[in-house]
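Notes to accompany the following structure.
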Amino acid sequence: MTSFISHTTVDCSDAYALSKWWEKVLDYVENPEDPNLPGHEECPISSRDGSHRVLFIEVPDTKQVKNRIHFDLRPVEGTRDEELARLIELGAKPLDDLRNPDGGGWVTLADPEGNEFCILRSHAELAAASV
Numbered sequence: 001m002t003s004f005i006s007h008t009t010v011d012c013s014d015a016y017a018l019s020k021w022w023e024k025v026l027d028y029v030e031n032p033e034d035p036n037l038p039g040h041e042e043c044p045i046s047s048r049d050g051s052h053r054v055l056f057i058e059v060p061d062t063k064q065v066k067n068r069i070h071f072d073l074r075p076v077e078g079t080r081d082e083e084l085a086r087l088i089e090l091g092a093k094p095l096d097d098l099r100n101p102d103g104g105g106w107v108t109l110a111d112p113e114g115n116e117f118c119i120l121r122s123h124a125e126l127a128a129a130s131v
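Take the sequence shown: its position 42, counted from the start at 1, is 42 in the UniProt record's numbering, and no numbers get skipped.
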């Protein structure tokens, strides 16, 4: 017997606002038959193919310390630096720049509620670096 991850849950103060922000970041969608609305305490979004879901749940306490689990994002198109610029434009806050001179590494950012996540190089960048 085994288990699978049904969805990833993110505790937050405003489930609707944070779900809308992550929709833009990930190009995810809400369920059209049960749309997320302002004031909803639980707001799920899914990848367009339905293979991954993220559930935002309002909790009374605010984030206090570093996340024990976080997202590592990889650009679908373009470069890590282009995606970094897009995420900052959407409102992500840079926390730590761990890029290496050889192009490896990552940048750690925070979403509008302070949840950390990282941006890695794209598959195209990795492939170009290995030749």
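Glycine included, every Cβ here is placed at the ideal spot set by N, Cα and C.
| Item | Value |
| --- | --- |
| Report, in whole angstroms, the separation of the C-beta atoms of CYS118 and ASP72, which I expect to be a contact under 8 Å. | 5 Å |
| Of the residues GLU33, GLY105, LYS66 and LEU26, which one's Cα is nearest the Cα of ARG86? | LEU26 |
| Under the criterion of a Cβ to heavy atom distance below 6 Å, does LEU120 qualify as lining the ligand MN? | Of ligands this structure carries none, so the ligand MN is not represented either. |
| Could you spell out where the beta strand (DSSP E) holding LYS93 opens and where it closes? | 93-97 |
| On the DSSP letters alone, give me the boundaries of the alpha helix (DSSP H) that ASP81 sits inside. | 80-90 |
| I'd like the span of the beta strand (DSSP E) that includes SER46, first residue to last. | 42-46 |
| Can you tell which of PRO94, PRO112, VAL29 and ALA128 has the C-alpha that lies nearest to the C-alpha of GLY103? | ALA128 |
| Which residues does DSSP list as the beta-bridge partners of PHE71? | PHE117 |
| Report the residue from CYS43, ASP34 and ASP111 whose alpha carbon sits nearest the alpha carbon of GLU89. | ASP111 |
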